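Presented below is the structure to which this report refers.
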Amino acid sequence: MPASRSIPALARTVLAEARRNGLTIATAESCTGGMVAAALTDIAGSSDVFDRGFVTYSNAAKEAMLGVHPDIIDEVGAVSAEVASAMAVGVLRVSLADISVAITGVAGPGGGSAAKPVGLVHFAAAARDGRVNRVERRYDPALGRKGIRRAATIEALGLLLALAAPGVQFA
Numbered sequence: 204m205p206a207s208r209s210i211p212a213l214a215r216t217v218l219a220e221a222r223r224n225g226l227t228i229a230t231a232e233s234c235t236g237g238m239v240a241a242a243l244t245d246i247a248g249s250s251d252v253f254d255r256g257f258v259t260y261s262n263a264a265k266e267a268m269l270g271v272h273p274d275i276i277d278e279v280g281a282v283s284a285e286v287a288s289a290m291a292v293g294v295l296r297v298s299l300a301d302i303s304v305a306i307t308g309v310a311g312p313g314g315g316s317a318a319k320p321v322g323l324v325h326f327a328a329a330a331r332d333g334r335v336n337r338v339e340r341r342y343d344p345a346l347g348r349k350g351i352r353r354a355a356t357i358e359a360l361g362l363l364l365a366l367a368a369p370g371v372q373f374a
């Protein structure tokens with residue numbers, strides 16, 4: 204999803220489609236620090252769709268709050284498709300939501316490595332029916348921390364929209 208999209212407009216679309224389809228939403232965020240939850244709850248009336256959001260910035264929080272197994276983190280690292288998936292499934296396990304999105308990444312400016320550079324973000328969106336959609340993005344570090352987090356928020360909202368209303372495109 205292009206970073207030029209309006210976060211509030213996309214959040215409104217996600218909420219409207221989830222509401223129309225009788226779905227509730229939960230989020231699990233690391234590098235975005237609650238930006239997805241904030242975008243959704245900035246919209247009046249979101250309480251009938253948004254169940255809860257978790258900011259699991261540390262590995263300990265991912266383990267304690269979402270049930271991410273420490274072995275997964277030890278084997279592949281916190282910034283990985285496997286951890287994003289475990290976060291998305293874990294948030295469904297500990298919430299009342301029908302669909303979820305999880306984000307883990309390196310927003311920078313530090314913290315990157317050759318294998319996991321600044322701008323690498325993993326996403327997973329999950330549904331109670333067992334669907335899990337995973338996406339990896341490598342954002343340009345020149346976007347800066349704020350730009351990477353904003354782009355990741357837009358991507359996460361797009362993944363929620365894909366689960367809430369398959370076939371609906373945000374234009």
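Its first residue numbered 204, the sequence shown is counted upward by one per residue in the working numbering.
In this text, a Cβ means the ideal position worked out from N, Cα and C, and glycines have one as well.
Note that the structure is predicted; figures quoted are calculated from it, not measured.
Identity of the residues DSSP links to residue i by a beta bridge
i      : result
HIS325 : THR307, GLU339
ILE302 : ILE228, ALA330
Residue i and residue j closer than 8 Å at C-beta
i      : j      : result
GLY270 : GLY256 : no
GLY217 : LEU323 : The amino acid at residue 217 is misidentified as Gly; the sequence shows Val. Contact flag unset, no.
ALA214 : LEU366 : no
ALA263 : VAL335 : no
THR307 : ALA281 : yes
ARG348 : ALA287 : no
ALA289 : ILE275 : yes
THR227 : VAL252 : yes
Buried/exposed call for residue i, threshold 16 Cβ in 10 Å
i      : result
PRO205 : Summary for PRO205: the model assigns pLDDT 43, below 50, so the residue's position carries little reliability, and this model does not support an answer.
SER250 : exposed
ALA317 : exposed
VAL239 : buried
GLY225 : exposed
GLY314 : exposed
ALA374 : In this prediction, ALA374 has a pLDDT of 49, which is less than 50 and means its spatial position is unreliable; what the coordinates show is noted afterwards. ALA374 should be labelled exposed.
ALA231 : buried
PRO273 : exposed
SER298 : buried
GLU220 : buried
ARG223 : exposed
VAL321 : buried
Residue interval of the alpha helix (DSSP H) (run including residue i)
i      : result
ALA359 : 347-367
VAL294 : 284-296
THR216 : 210-223
ILE246 : Element bounds for ILE246: n/a, residue is neither H nor E.
PRO344 : Element bounds for PRO344: n/a, residue is neither H nor E.
PRO273 : 273-279
LYS265 : 262-269
Range covered by the beta strand (DSSP E) that runs through residue i
i      : result
ASP254 : 253-258
Between the region 326-337 and the region 297-305, can you find at least three pairs of beta-carbon atoms closer than 8 Å? Contact between the region 297-305 and the region 326-337 is present: three or more C-beta pairs spanning the two stretches fall below 8 Å.
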